[in-house]
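Numbering (our numbering), first residue to last: 1 to 366.
So this is what it looks like as structure tokens:
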């Protein structure tokens, strides 16, 4: 048993609390990880606000990198001393998706079996099965992906959630490549990552859409060729205009990534794509939201595909090492996503900064 400091949410809407937690030694299929860095993601705020479920208290934090300290007796894929990025989709290898060779769609992902607790024995619910706002955390061994140990933990840890979700939404789900046009609606961390992924894949134009000029500036730094302030112009018509300038006859973008998660912006994405184009929904809607009314003939007549992107449809064992290598080569600027490095006691203040639009990621350094 390990006694460490961790950040918990005790109840809905309550400020987070830095407190002592107990972390078990790893059992079968588990790994104990000494956390080096963990990004502050909007999903952690959703947990605190009760927007995910009500299994309080939560041990927050899930975009993390660290070093494996110990593993269960049966674990062979990672070993003590390995530098790893944590993921929240350890694949099972046995479900119908895994058996047909599509483990990125695994339907039975899993986490550690044992529970981390408060000193009084109260079981904690780790955010996305990770709980990395802590000096050490217990995860399923499959949640650990070994990467280049010389990489900066604060940067590569962000692949564990938002950055991978955005890059994967473009490259994996949207199949973005050279010769294709892309529009991204919503330029928070995930949207900007989708822009970076689209630029990395050679797409052009890459159009960033938002209502915040500061976010559009960031999108430009990350690879957007055009920006659209949708508070001032009709984003659908502007996307169509930009794409028609590049590709004669184009009626929109080949791929439109919706990174907001709202019916209004999803409808914009639907109509902003070219014939036979693809819409990718990676923004997370709330349970009460519904698909906007669209004539069924428009769904049929425009062709193409309407997709949802789960975690960027990533396979961590395949995608994390590749993206870390691109980062190390200077071809993917993961450092640009790290707005500030903070202490483990500064998570509540980082939540407040999210609302100002000035921060892509605050990263806790342990």
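C-beta atoms are modelled at their ideal positions from N, C-alpha and C, and glycine is treated no differently.
If we count the other Cβ atoms within 10 Å of its Cβ and call it buried at 16 or more, is residue i buried or exposed?
i           : result
residue 279 : buried
residue 268 : buried
residue 337 : buried
residue 111 : buried
residue 53  : exposed
residue 319 : buried
residue 178 : exposed
residue 227 : buried
How many angstroms separate the CA atom of residue i from the CA atom of residue j?
i           : j           : result
residue 100 : residue 356 : 44 Å
residue 309 : residue 236 : 22 Å
residue 174 : residue 259 : 13 Å
residue 163 : residue 293 : 31 Å
residue 206 : residue 362 : 26 Å
residue 131 : residue 256 : 32 Å
residue 197 : residue 332 : 8 Å
residue 153 : residue 147 : 10 Å
residue 37  : residue 129 : 17 Å
residue 125 : residue 219 : 34 Å
residue 364 : residue 343 : 5 Å
residue 359 : residue 51  : 22 Å
residue 328 : residue 121 : 43 Å
residue 322 : residue 70  : 25 Å
residue 224 : residue 180 : 14 Å
residue 92  : residue 109 : 6 Å
residue 242 : residue 107 : 39 Å
residue 145 : residue 133 : 18 Å
residue 45  : residue 94  : 33 Å
residue 290 : residue 118 : 39 Å
residue 169 : residue 12  : 30 Å
residue 98  : residue 213 : 43 Å
Which residues does DSSP pair with residue i in a beta bridge?
i           : result
residue 273 : 253
residue 31  : 71, 139
residue 258 : 185, 281
residue 227 : 208
residue 9   : 58
residue 4   : 21
residue 145 : 85
residue 342 : 364
residue 243 : Paired residue(s): none; residue 243 is not in a bridge.
residue 39  : 63, 363
residue 134 : 6
Is DSSP giving residue i helix, strand or coil here?
i           : result
residue 235 : helix
residue 151 : coil
residue 122 : coil
residue 114 : coil
residue 268 : helix
residue 221 : helix
residue 348 : helix
residue 177 : coil
residue 358 : coil
residue 263 : helix
residue 382 : Since the first and last residues shown for the chain are 1 and 366, residue 382 lies out of range.
residue 203 : coil
residue 213 : helix
Where in the segment 272-333 do unbroken runs of the beta strand (DSSP E), each at least 3 residues long, occur, reported from the N-terminal end onward? 273-281, 305-308
At which residue ranges does the segment 47-109 contain complete beta strand (DSSP E) runs of 3 or more residues, listed in the order of the chain? 63-71, 83-86
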